[in-house]
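A.B. asks: One line per chain: the protein sequences are A and B, in this order. So that you can map any letter, position 159 of the first sequence is 159 in the working numbering, and since no number is skipped, the others follow by simple counting. Quick note, the working numbering runs 339 ahead of the 1-based positions in the second sequence. In this text, a Cβ means the ideal position worked out from N, Cα and C, and glycines have one as well. Predicted, not measured: the structure shown is a model, and the values here were computed from it. One structure, as structure tokens, below. Some questions next.
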Amino acid sequence: MTVTTITDAQLAPKDYASDQEVRWCPGCGDYAILKAVQKACADLGLTRERTVFVSGIGCAARFPYYMSTYGFHTVHGRAPAIATGIKLANPELDVWVMTGDGDGLSIGGNHMLHVLRRNVDLNIILFNNEIYGLTKGQYSPTSRRGTRSPSTPFGSVENPVSACAFALGSGARFVARSIDTLQPHLIGVLKRGHAHKGASFVEILQNCVVFNDAVFENITGKEVAADAQILLEHGKPLVFGKQKEKGLRLKPGKLELEIVTLGEGGVTAADILVHDETNRPLAMLLARLEPPFPTAMGVLYCNPTESYEHDVYAQKGAAQGKGDLDALLNSERTWEVVP
Amino acid sequence: MATSSIVRPQRESRDSVVIRFAGDSGDGMQVTGSQFTLETALAGSDFSTFPDFPAEIRAPTGTTFGVSAFQIHFGGRDVMTPGDAVDVLVAMNPAALTVELGDLRVGGTVIVDTAAFNERNLNKAGYERNPLEDDSLAKYQVLKFDITKLTADAVKPHGLSSREAHLCRNMWALGLLLWMYGYERAATIDWLKRKFGKKPVIAEANVAALNAGHAFGETAEMAEHMVGYVVPKAEVQPGRYRTVSGTEGLAWGLVAGMRAAGIEKMVFAGYPITPASALLHTLANLRAYGVITFQAEDEIAASGAALGAAYAGALGVTSSSGPGIALKTEMLGLAIATELPLIVIDSQRAGPSTGMPTKAEQSDLFQAVHGRNADAPLAVVAPVSTADCFDIAIEAVRIATKYMTPVIILSDGYLAHAAEPWRIPREADLPRFPITYRTDPEGFHPFLRDPDTLARPWVKPGTPQLEHRIGGLERDYDTGHISYDPDNHARMTNARADKIAGIANDIPLQTVALGEDHGKLAVVGWGSTFGAIHQAVKIARDEGTDVAHIHVRYLSPFPRNLGELLKRYDRVLVPEMNNGQLVKLLRAEYLVDAEGFSKVTGKPFRVTDIVQRIRGGAPPPSEGSGLGGEAG
């Protein structure tokens with residue numbers, strides 16, 4: 001049989017869409033993420049047959065069904081484990097893990113920790129909507145204290161986990177954050193993550209229109225965005241605000257960030273911290289910023305090293321498959337019984 | 340029989356002998372037993388071994404829960420089990436004596452190191468008086484030697500510390516036992532020189548201790564009732580043999596199965612758990628055979644990685660023991676829903692929960708056959724011996740890849756560690772069942788079924804134009820897309836059931852292992868109880884009882900003639916190391932009035948247990964203390 005290989009470099013974003021009807025709620029942030037991923041795929045010229053989307057359970061986990069690539073919709077929280085097996089079996093595949101705050105940080109938190117620490121070459125995209133959507137609105141591990149939900153009618157008394165701080169703490173070597181509606185930025189972050197060899201972790205703040213609508217409005221709202229977000233760029237000063245008039249600097253004598261305004265109190269551009277993607281402590285400080293600080297968007301940390309599966313295959317004798325079975329069975333002491 | 344020693348005229352003949360070496364977990368009893376096994380094998384005797392060690396890594400010395408034992412049954416005929424009653428007990432300390440004495444037959448021999456029977460050790464073992472100094476051992480022949488001193492004298496020229504010298508005691512005892520049965524020492528000397536290659540002094544000292552023990556037997560100093568024995572060679576099929584443990588058999592069988600299927604890579608994912616870890620360790624050294632091992636963060640991830648590897652076209656294998664298999668349950672459901680091949684090895688241990696980690700049981704049969712949410716059928720097979728572990732692993736790969744299904748291999752803690760002689764197969768003689776990955780896009784959908792096997796196609800991601808999505812959600816029978824249609828779900832549920840049921844047409848018919856295919860009584864077993872049941876049925880038949888032995892290797896689905904076969908006997912007796920699981924499956928499946936016979940002490944069946952039951956006697960008294968442990 002002859003297979004005509006389509007040159008996927010020429011594919012448009014729509015060519016990465018499957019024939020399945022997309023079934024997220026109207027107005028869900030997931031549509032924007034799907035669009036951004038398909039655009040990133042097209043920009044990167046990904047080969048569909050070599051690309052695999054793996055997911056666990058949740059709204060985000062429906063993602064693979066809507067892509068025209070290979071896809072594996074698995075079970076609660078386990079996508080990183082299954083993706084690890086796929087990469088061990090075939091490191092040539094381009095594997096994406098699509099997960100959510102419940103799937104990736106609650107039921108699958110352990111797997112997320114280990115896949116990041118091992119540095120398996122995966123593109124991990126975590127849709128954070130701070131709620132359990134598919135199970136109808138219970139609070140999630142990223143929900144803020146006080147979140148009222150069917151399972152917390154008096155408000156949650158749990159402290160939320162920061163997805164990016166968790167990833168950094170787990171040893172991830174690429175950690176970034178973006179927003180569903182911040183399209184060009186999101187596409188750029190996805191492409192940076194894809195270019196990274198080893199595990200890349202991208203948190204996307206995603207609006208759940210049904211159960212947690214406008215939960216990020218204090219960060220993403222048109223009126224507040226300029227002051228509530230700081231867009232990170234490697235080698236550039238950490239400034240924000242409508243006129244880029246504000247910046248971040250270290251409090252003198254402390255490992256703590258503070259907001260300063262250029263020109264006020266003798267603050268000059270030289271006082272402002274410059275973003276260094278390769279600095280993990282800085283990334284950790286930035287990951288932890290929350291209102292009234294601006295929320296950090298972009299690549300918080302990028303410091304690649306060889307991936308897990310690369311090192312597995314680089315070890316002596318790995319998976320050669322040519323070993324002599326008879327020699328193995330006859331190893332050690334044998335004896336002959338003669339008729 | 341080849342032997343270099345002077346065969347004394349008074350050597351007595353024994354068809355078979357059971358020896359148990361017992362001592363502190365630091366006394367090297369497992370090594371002693373293994374080396375005795377090797378010399379036995381090289382002399383041409385048949386054997387069956389059973390190591391019984393504590394869950395504690397290093398229990399406090401001298402305590403009863405730190406006793407480590409190794410039993411070997413060897414001889415010319417009827418060596419089917421590690422043996423019921425012990426003929427010779429080597430007890431290196433009082434704790435070993437008190438724990439193991441119950442299994443020594445009346446009139447049996449006990450060999451003790453008198454130096455170890457000091458007040459401190461006697462107290463730790465719970466003895467108020469020294470059993471060597473009263474008549475409590477009057478039923479046995481007691482050979483009392485100061486092995487500590489005799490060893491110290493033997494190794495003196497090598498200048499060892501007293502602690503190092505003490506560690507050579509096991510070799511002295513081994514030397515004496517090798518003399519008793521007229522066995523060689525050469526292989527052990529070779530082994531010691533290799534093992535202590537970097538410490539030649541230690542090697543020489545151990546050899547000296549070994550030789551001293553042997554010489555002790557030769558000299559006139561021994562007690563008058565200590566005689567040498569001869570044990571005949573076994574009549575076995577000619578060929579090249581080696582010793583194989585169940586763990587080795589499974590590991591090598593998986594490699595052979597992968598090759599037979601023409602699969603390039605195996606991804607074995609496991610998480611440390613007793614007694615399954617040994618398989619991970621064994622396979623970790625087989626990289627040259629295309630094996631990648633992955634120690635996952637937990638049992639769930641291990642099963643997930645194995646399934647991911649299977650999805651990617653490799654042979655995915657995961658392994659654990661009972662409580663770990665419980666954690667893999669969800670992933671098994673996904674493997675069934677997505678119809679991917681997956682090999683799952685369960686080295687069963689006594690439970691529930693963590694139970695007794697180092698003690699064997701057959702109590703995961705229900706878990707394997709039924710232990711999942713919803714109607715989730717899969718294939719289950721069980722090896723009958725350590726040698727069969729090799730063959731069953733190949734068979735599991737065949738079934739998994741041909742039918743696109745998970746296959747559970749029910750091994751157990753006994754098979755994992757026990758060892759038997761094994762006639763080494765040649766790769767060229769092994770079965771071949773090459774698989775094909777689907778590459779043809781024409782008319783493809785992921786749940787297109789083979790009309791014969793009902794298996795769906797196996798597609799490697801990376802194959803152009805076959806991009807598709809699978810998952811745990813129900814799929815449409817005709818398109819493979821997600822479907823919640825009621826009739827379709829019924830159709831898919833039936834298709835999954837029919838696929839597994841259909842395997843019955845592709846496995847051997849159930850045979851009778853011993854006896855006629857009809858009659859008064861069939862004793863039906865499965866798994867590692869083969870030897871004990873077989874021997875018991877043989878004894879009963881020699882007594883004139885109308886009884887047959889049937890051993891079920893395929894537990895899901897059963898061989899298609901099994902029900903009809905069982906109905907040809909008046910009675911069906913099902914001995915199991917559980918509280919009655921196969922017996923319930925047989926009753927449910929075939930409406931036969933099968934009787935259960937349970938043993939749940941964490942120890943294998945004794946032949947006499949089953950013989951007595953066949954004779955219709957009362958249940959035998961429980962034996963042994965079956966010490967459990969905390970770890971694992």
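Excluding the five sequence neighbours on either side, which residues of its own chain have a C-beta within less than 8 Å of the C-beta of Tyr-908 (chain B), listed in chain order?
C.D. replies: His-857, Gly-858, Lys-859, Leu-860, Ala-861 and Ala-887
A.B. asks: For Gly-104 (chain A), tell me which candidate among A:Arg-118, A:Tyr-132, A:Gly-85 and A:Leu-190 has the shortest Cα-Cα distance.
C.D. replies: The option with the nearest alpha carbon to Gly-104 (chain A) is A:Tyr-132.
A.B. asks: Using the C-alpha atoms, what's the distance from Leu-262 (chain A) back to Lys-251 (chain A)?
C.D. replies: 15 Å
A.B. asks: Alpha carbon to alpha carbon, how far is Lys-483 (chain B) from Asp-417 (chain B)? Give it in angstroms, no decimals.
C.D. replies: Spanning the alpha carbons of Asp-417 (chain B) and Lys-483 (chain B) requires a straight line of approximately 31 Å.
A.B. asks: How would you list, in chain order, the residues of chain B whose beta-carbon sits under 9 Å from the beta-carbon of His-114 (chain A)?
C.D. replies: Going along chain B in sequence order, the residues near His-114 (chain A) (Cβ under 9 Å) are Ala-635, Glu-636, Asp-637 and Ala-640.
A.B. asks: Going residue by residue through the segment 655 to 700 of chain B, where are the continuous beta strand (DSSP E) segments of at least 3 residues, counting only ones entirely within it?
C.D. replies: 681 to 687
A.B. asks: Just the C-alpha distance for Ala-172 (chain A) and Asp-121 (chain A), rounded to the nearest angstrom, thanks.
C.D. replies: Cα-Cα distance, rounded: 11 Å.
A.B. asks: Let me confirm a value: Phe-154 (chain A) is counted as buried when at least 16 other C-beta atoms fall within 10 Å, else exposed. Which label applies?
C.D. replies: exposed
A.B. asks: Output yes if chain B places a C-beta closer than 8 Å to the C-beta of Trp-335 (chain A); else output no.
C.D. replies: yes
A.B. asks: Do Ile-747 (chain B) and Ile-731 (chain B) have their C-beta atoms closer together than 8 Å?
C.D. replies: 8 Å or more divides the Cβ of Ile-747 (chain B) from the Cβ of Ile-731 (chain B).
A.B. asks: Could you tell me whether any Cβ in chain B is nearer than 8 Å to the Cβ of Pro-339 (chain A)?
C.D. replies: Yes, Pro-339 (chain A) counts as interfacial toward chain B.
A.B. asks: From Ala-61 (chain A) to Pro-896 (chain B), what does the alpha carbon distance come to, in whole angstroms?
C.D. replies: 34 Å
A.B. asks: Pull up the distance between the alpha-carbon of His-505 (chain B) and that of Thr-487 (chain B), whole angstroms please.
C.D. replies: 6 Å
A.B. asks: Could you compute how far the alpha carbon of Pro-825 (chain B) sits from the alpha carbon of Arg-835 (chain B)?
C.D. replies: Going by the C-alpha atoms only, they are around 16 Å apart.
A.B. asks: Please report the straight-line C-alpha distance between Leu-848 (chain B) and Thr-818 (chain B), rounded to a whole angstrom.
C.D. replies: 36 Å
A.B. asks: Could you check if His-234 (chain A) is buried or exposed, using at least 16 other CB atoms within 10 Å of its CB as the buried criterion?
C.D. replies: His-234 (chain A) is classed as exposed because its beta carbon has fewer than 16 other beta carbons within 10 Å across all chains shown.
A.B. asks: So, does the CB of Gly-415 (chain B) fall closer than 8 Å to a CB anywhere in chain A?
C.D. replies: no
A.B. asks: Among B:Phe-555, B:Leu-904, B:Val-946 and B:Ala-493, whose alpha-carbon lies nearest the alpha-carbon of Met-419 (chain B)?
C.D. replies: B:Val-946
A.B. asks: When the Cα atoms are used, what is the spatial distance from Val-481 (chain B) to Phe-869 (chain B)?
C.D. replies: 34 Å
A.B. asks: Can a CB atom of chain B be found closer than 8 Å to the CB of Leu-168 (chain A)?
C.D. replies: no
A.B. asks: Hey, is Pro-348 (chain B)'s beta-carbon within less than 8 Å of any beta-carbon in chain A?
C.D. replies: In this prediction, Pro-348 (chain B) has a pLDDT of 49, which is less than 50 and means its spatial position is unreliable; what the coordinates show is noted afterwards. By this cut-off, Pro-348 (chain B) is not an interface position.
A.B. asks: Whose Cβ in chain B lies nearer than 9 Å to the Cβ of Lys-322 (chain A)?
C.D. replies: Ala-627, Tyr-628 and Gly-629
A.B. asks: For my contact list, Phe-409 (chain B) and Leu-517 (chain B) are in at a C-beta cut-off of 8 Å; report their separation, rounded to the angstrom.
C.D. replies: Contact doesn't hold; Cβ gap of about 15 Å is too wide.
A.B. asks: Closer than 8 Å, CB to CB, is Ala-970 (chain B) near chain A or not?
C.D. replies: Summary for Ala-970 (chain B): the model assigns pLDDT 40, below 50, so the residue's position carries little reliability, and this model does not support an answer.
A.B. asks: Under 8 Å, do Ile-985 (chain B) and Ala-852 (chain B) count as touching if we go by C-beta distance?
C.D. replies: There is no way to answer for residue 985 (chain B), as the model of chain B reaches only from 340 to 971.
A.B. asks: So is Pro-790 (chain B) buried or exposed if we call it buried at 16+ other beta carbons inside 10 Å?
C.D. replies: Counting every other CB atom within 10 Å of its CB across the protein chains shown gives Pro-790 (chain B) a total below 16, marking it as exposed.
A.B. asks: Just the Cα atoms here: how many angstroms apart are Asp-768 (chain B) and Asp-326 (chain A)?
C.D. replies: 11 Å
A.B. asks: Would you list, in chain order, the members of the segment 27 to 44 of chain A that have their beta-carbon closer than 9 Å to a beta-carbon of chain B?
C.D. replies: Those residues of the segment 27 to 44 of chain A that come within reach of chain B (Cβ to Cβ, closer than 9 Å) do not exist; the list is empty.
A.B. asks: Does the beta carbon of Tyr-650 (chain B) sit closer than 8 Å to a beta carbon anywhere in chain A?
C.D. replies: yes
A.B. asks: Smallest Cα separation from Val-736 (chain B): which of B:Glu-903, B:Ser-500 and B:Leu-589?
C.D. replies: Looking at the Cα atoms, B:Leu-589 is the closest of the given residues.
A.B. asks: Residues of chain B with CB under 7 Å from Asp-326 (chain A), in chain order?
C.D. replies: Arg-765 and Glu-766
A.B. asks: For chain A, check one thing: does any of its Cβ atoms lie closer than 8 Å to the Cβ of Glu-603 (chain B)?
C.D. replies: yes
A.B. asks: Secondary structure at Tyr-893 (chain B), three-state DSSP: helix, strand or coil?
C.D. replies: Strand, per DSSP.
A.B. asks: Since Phe-555 (chain B) is in the alpha helix (DSSP H), which residue starts that stretch and which ends it?
C.D. replies: 539 to 557
A.B. asks: Just tell me which of B:Val-922, B:Trp-865, B:Tyr-893 and B:Leu-924 has its CA closest to the CA of Pro-943 (chain B).
C.D. replies: B:Trp-865
A.B. asks: By the 10 Å Cβ neighbour count, where 16 or more other Cβ atoms means buried, how is Pro-184 (chain A) classified, buried or exposed?
C.D. replies: exposed
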